[in-house]
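**Q** In terms of UniProt numbering, the sequence shown opens at residue 1 and continues consecutively. C-beta: ideal position from N, C-alpha, C; glycine also. Bear in mind the structure is a predicted one, so any value in this text is a computation, not a measurement.
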Amino acid sequence: MNTAMNTAINSAMNTAMNTAMNTTMNTTMNTTMNTTMYGNESCANGGREGSSSTKLLKDEKERHLPKSE
1 MNTAMNTAIN SAMNTAMNTA MNTTMNTTMN TTMNTTMYGN ESCANGGREG SSSTKLLKDE
61 KERHLPKSE
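1) To the nearest angstrom, how far is it from the Cα of N10 to the Cα of T27?
2) In angstroms with no decimal places, state the Cα-to-Cα distance between N14 and T24.
3) Cβ-heavy atom distance between T35 and the ligand SAH below 6 Å?
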């Protein structure tokens with residue numbers, strides 16, 4: 001009886017903890033990466049021309065274009 005209860009409780013706890021940790025980690029990582037890559041304004045202004053996200057992506061594209069003579 002005790003073993004069955006412990007197993008059930010451990011399983012439920014593990015599932016709850018994994019879900020909570022995954023959600024927290026994913027949210028934190030996404031926010032951190034978006035801020036690092038695109039700056040704070042990328043969401044606020046929808047990536048309009050002149051935002052740091054648009055500029056970064058444009059710079060990145062231009063860097064890979066072949067140099068025109």
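**A** Considering the structure as presented:
1) So the alpha carbons of these two residues sit roughly 25 Å apart.
2) For N14 and T24, the distance between alpha carbons rounds to 15 Å.
3) In terms of ligand content, the structure shown is empty, and the ligand SAH therefore cannot be addressed.
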